[in-house]
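Student: If you read the sequence shown in this note's numbering, its first letter stands for residue 318, the second for the next number, and so on. Each residue gets a CB set at the ideal place from its N, CA and C atoms; glycine is no exception.
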Amino acid sequence: MRLTFMATIALSVTGGICLIAQAFALSRIIRQVFLDHAALEEVSGLLLIVGLLVTLRALLGWGAHRTASEVAIRVKADLRKRLLVHLAALGPTYLLGERTGELVTTATTGIDALDPFFRDYLPALFNALLIPLAILLVVFPLDALTFIILLITAPLIPAFMMLIGMAAGALARQQYARLSHLSAHFLDVTQGLATLKLFNRSRYQITTIAHISDDFRSATMRVLRVAFVSAFALEMLATLSVAIVAVEIGLRLLHGGIPFEQALFLLVIAPEFYQPLRTLGAKFHAGTEASAAAERLFAVLAMPLPPRPARAVPIPDRLHLRFDNVTYRYPDSARPAVDQLSFEIHPGEHVALVGESGSGKSTTAALLLRFLAPDSGQITVSGVDLAQAIADQWRTRIAWVSQSPHLFQTTIADNIRLGRPAAPLEDVMEAARLAEAHEFIQALPQGYDTPCGERGLRLSGGQAQRIAIARAFLTDAPLLVLDEMTAFLDPQTEAAVQSGLRRLLQGRTALVITHRLHTIMQMDRIIVLHAGRVVEEGTHSQLMNQAGRYRALVEVFDPVTHAG
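1) Closer than 7 Å by C-beta to I758: which residues in its own chain qualify, once you throw out the five before and the five after it? Chain order, please.
2) Sort G574, P475, V540 by Cα distance to P594 and report the nearest one.
3) Between which two residues does the alpha helix (DSSP H) holding D731 run?
4) According to DSSP, which residues form a beta bridge with Q839?
5) Counting only the same chain and skipping the five closest in sequence on each side, list residues whose C-beta sits under 8 Å from that of A754.
6) Excluding sequence positions up to five away, which residues of its chain have a Cβ less than 6 Å from the Cβ of F322?
7) Closest by CA to Q720, which one among H403, Y867, S679?
8) Quick one: measure Cβ to Cβ for A451 and G332, integer angstroms, because I've assumed they're closer than 8 Å.
9) Quick check on T767: does DSSP put it in helix, strand or coil?
10) Please return the same chain residues whose Cβ sits closer than 6 Å to the Cβ of A609, not counting the five positions on each side in sequence.
11) In angstroms, rounded to a whole number, what distance separates the CA positions of D531 and L453?
12) Specify whether the stretch 691 to 699 and the stretch 611 to 621 touch according to this definition: at least 3 beta carbon pairs, one from each stretch, less than 8 Å apart.
13) According to DSSP, Y645 sits in a beta bridge with which residue or residues?
14) Between the alpha carbons of Y438 and A385, how many angstroms are there, rounded?
15) Select from W717, L776, D793, A704 the residue whose C-alpha is nearest the C-alpha of A740.
16) For A789 and W717, what's the separation of their Cα atoms in angstroms?
17) Verify whether the separation of the beta carbon atoms of L328 and L377 is less than 7 Å.
18) Report yes or no: is there a C-beta of chain B within less than 7 Å of the C-beta of W379?
19) By Cβ distance below 8 Å, which residues in the same chain neighbour Q522 in space, the five residues on each side in sequence not counted?
20) Measure the Cβ-Cβ separation of I837 and A682 and say whether it is below 7 Å.
21) Does the stretch 698 to 714 touch the stretch 851 to 869, meaning 3 or more C-beta pairs lie closer than 8 Å?
22) Helix or strand or just coil, what does DSSP make of A619?
23) In terms of alpha-carbon separation, which member of Q823, L776, A342, H354 lies closest to H723?
24) Figure out for me which residue from A340, I347, R391 has the closest Cα to the Cα of M882.
25) DSSP on R850, reduced to helix/strand/coil?
26) I'd like to know if the stretch 567 to 586 and the stretch 494 to 502 are in contact, where contact means that at least 3 CB-CB pairs between them fall below 8 Å.
27) From this set, I632, R687, F477, F341, which residue's C-alpha is nearest V546's C-alpha?
28) How about L400 and A375: do their beta carbons lie closer than 7 Å?
29) Check L638 in the structure and name its three-state DSSP category.
30) Identify the continuous alpha helix (DSSP H) that holds H667 and give its terminal residues.
31) With a 10 Å radius around its C-beta and 16 neighbouring C-beta atoms as the bar for buried, classify N444 as buried or exposed.
32) Using three-state DSSP, classify S676 as helix, strand or coil.
33) To which residues of the same chain is L352 closer than 7 Å at the C-beta, ignoring the five residues directly before and after it?
34) Could you check the C-alpha separation between L468 and I526 for me, to the nearest Å?
35) Fully enclosed by the stretch 691 to 762, which alpha helix (DSSP H) runs are 4 residues long or longer?
36) Buried or exposed: which applies to G849, given that a residue is buried once 16 or more other Cβ atoms fall within 10 Å of its Cβ?
Next up, the structure:
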């Protein structure tokens, strides 16, 4: 939008030049009428010029506002797109460390705060520099004294504005921080409303939100107070500067030191010299608010993305996975989540990953899914370094089912189609049958067109899991990553899910994170993690005979109903 923004400045400056010409023509008309007693016919040409200049200034002002608005709209759309693309590229691991409400505020209110910056403040900034400069160039050959007064008084306004800006910027950042905190807290409370009701803490949260809202109100009022004071001070400085010019010209005119037409032109043009500076002061509040919002926006955009390979390496069809001394430490963590982790999964093999909480199971899955990049070590697929493959292409080879699958606010059919958006309904229904989901979907009021509700709230946990399994069937990926997918299900629902799972595993390579013994016993091999390392590996019977950590896990937890 650089050319469009340059057009905005050019239209505004052209309007300023028309203003100078209008003042010159107006002073000549007044001099001819009042001093030379000219008739209407003698000044009709100049009056026509003034009328044309006024019309041209109006059109130029409309054009400048239109192009500035176009710049603001396009820049906001581009920034919002860049932010969402960047967040998607950062992946879910980054989002775990952020508050959803605060990020939503950045993507909506924060970016919207940039609208007056590009539409009003930035054009006003250039106008405050270029239009007074044009007037100075016209005044200099006409009257040196007026030129000196304008040159001396003009910097007072931006200097005072800079002094105010230091305080206004800090207050605006505090205001935006409180707005983000309020948005994030309100979203947390809304999502946890049922829990608050059950523990009788909803009224306490009403008080808390009222307190946070009052903090935001106070911060907003402090910003507005500074804005109003600065506007008053800038208006006063501009008015006093115009008065100085008027007194200086008036005294010289009384003593015959300056011609009437020249004096009148300078008097007419003097307020217009300060007008762009006054406009900039009025728009300065928008600039400070936008700067506060932009700081947070660009802090997110500055987060480094996972490295992309310089040259994409094709992934073989047969997936032989190998972790070779892989280490990863989360930021601000005292110890690595996985430490020198080494194991392999052969093509078509089903491997269970078990261990107590915090042993590194989910981190291992995140590394395999390319949501995280190893600090050291290497993950290979049939000898190809996974870091040299394009992440999006690699994920097309994976079907992932978690313990709490995310269903979007759309129909059941669209949720199943997530991996294959163009799949026909017949394929969707076949995937649902394989996942033991077809019967309950048909029993719903609208069948496959039934909305799932936000985060799948209209469905039970078992129904959501079976839709996730149907999604995996439809995706038809060669690699399955299953993360505690039956952790919170009752035995009857789990039996239906397990039936679909057995079909899903056929002919595919699988990494299954689970604590369920009957799921573990279906696997070809079991890998036991402790403190981010492989401590045991083998079949169920082999590990039970070793009387090690795996056997201890089995003996501690109920083999049928343990939920992990």
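Tutor: From the atom records:
1) Counting from one through the sequence shown, the residue named residue 758 turns up at place 441. For I758, where only same-chain residues beyond five positions count, the Cβ hits under 7 Å are I729, A749, G764, Y765.
2) The count along the sequence shown starts at 1 and reaches residue 594 at position 277. It is Leu, not Pro, that sits at residue 594 in the sequence shown. Of G574, P475, V540, the residue nearest in Cα terms is P475.
3) Along the sequence shown, read from residue 1 onward, the residue named residue 731 stands at position 414. Start and end: 729 to 733.
4) One-based indexing of the sequence shown puts residue 839 at position 522. DSSP output for Q839 lists no bridge partner at all.
5) Here the question's residue 754 lines up with position 437 in the sequence shown. If we look at A754 and ignore the five residues flanking it on each side, its Cβ neighbours are Q780, R783, I784, I786, A787, G817.
6) As a first step, residue 322 must be located in the sequence shown, where it is residue number 5. Closer than 6 Å at Cβ, skipping near neighbours: V388.
7) The residue given as residue 720 occupies position 403 in the sequence shown. Nearest in C-alpha terms to Q720, of all of H403, Y867, S679, is S679.
8) Start at 1 with the first residue of the sequence shown, and residue 451 comes out as number 134. Start at 1 with the first residue of the sequence shown, and residue 332 comes out as number 15. That pair is no contact at about 11 Å.
9) The residue you call residue 767 lines up with position 450 of the sequence shown. Of the three classes helix, strand and coil, the one that applies to T767 here is coil, per DSSP.
10) Locating residue 609 in the sequence shown gives position 292, counting from the first residue. Same-chain partners within the cutoff: A489, R490, Y493.
11) Position 214 of the sequence shown, counted from the start, is the residue given in the question as residue 531. Position 136 of the sequence shown, counted from the start, is the residue given in the question as residue 453. Their Cα atoms are separated by approximately 48 Å.
12) no
13) Numbered from 1 along the sequence shown, position 328 holds the residue referred to as residue 645. Y645 is bridged to V655.
14) As a working mapping, residue 438 is identified with position 121 in the sequence shown. As a working mapping, residue 385 is identified with position 68 in the sequence shown. Roughly 10 Å between the two C-alpha positions.
15) Taking the sequence shown and counting its residues from 1, the one referred to as residue 740 is at position 423. That would be D793, whose Cα lies nearest to the Cα of A740.
16) For the purposes of this step, residue 789 is taken as the residue at position 472 of the sequence shown. For the purposes of this step, residue 717 is taken as the residue at position 400 of the sequence shown. Answer to the nearest angstrom: the Cα atoms are 7 Å apart.
17) Mapped onto the sequence shown, residue 328 falls at position 11. Mapped onto the sequence shown, residue 377 falls at position 60. Yes.
18) The chain inventory of the structure shown lacks chain B, comprising one protein chain alone.
19) Working through the sequence shown from its first residue, we reach residue 522 at position 205. Correct list, in chain order: V506, L513.
20) Here residue 837 refers to the residue found at position 520 when the sequence shown is read from its first residue. Here residue 682 refers to the residue found at position 365 when the sequence shown is read from its first residue. Cβ distance not < 7 Å, so I837 and A682 don't count as in contact.
21) no
22) Within the sequence shown, residue 619 is the residue found at index 302, counting from 1. A619 falls in the coil class under three-state DSSP.
23) In the sequence shown, counting from the first residue as 1, residue 723 sits at position 406. Out of Q823, L776, A342, H354, L776 has the C-alpha closest to the C-alpha of H723.
24) The requested residue 882 does not occur in the structure, where the chain is confined to residues 318 to 881.
25) For the purposes of this step, residue 850 is taken as the residue at position 533 of the sequence shown. R850: strand per DSSP, three-state reduction.
26) With a cut-off of 8 Å, the stretch 494 to 502 and the stretch 567 to 586 do not count as touching, because too few Cβ pairs lie within range.
27) By 1-based counting over the sequence shown, the position of residue 546 is 229. Between V546 and the set I632, R687, F477, F341, the nearest pair of CA atoms involves F477.
28) Position 83 of the sequence shown holds residue 400. Position 58 of the sequence shown holds residue 375. Cβ distance not < 7 Å, so L400 and A375 don't count as in contact.
29) Indexing the sequence shown from 1 puts residue 638 at position 321. Three-state result, L638: strand.
30) Position 350 of the sequence shown holds residue 667. That residue, H667, is in no alpha helix (DSSP H); its beta strand (DSSP E) goes 667 to 671.
31) Your numbering for residue 444 matches position 127 in the sequence shown. The residue in question, N444, is buried, as its Cβ has 16 or more Cβ neighbours within 10 Å.
32) Here residue 676 refers to the residue found at position 359 when the sequence shown is read from its first residue. Looking at S676 - three-state DSSP - the assignment turns out to be coil, as it is neither helix nor strand.
33) Stepping through the sequence shown from its first residue, residue 352 is reached at position 35. Correct list, in chain order: F577.
34) Here residue 468 refers to the residue found at position 151 when the sequence shown is read from its first residue. Here residue 526 refers to the residue found at position 209 when the sequence shown is read from its first residue. Whole-angstrom Cα-Cα distance: 52 Å.
35) 708 to 712, 729 to 733, 742 to 751, 755 to 759
36) Your numbering for residue 849 matches position 532 in the sequence shown. Buried is the label assigned to G849, since at least 16 other Cβ atoms lie within 10 Å of its Cβ.
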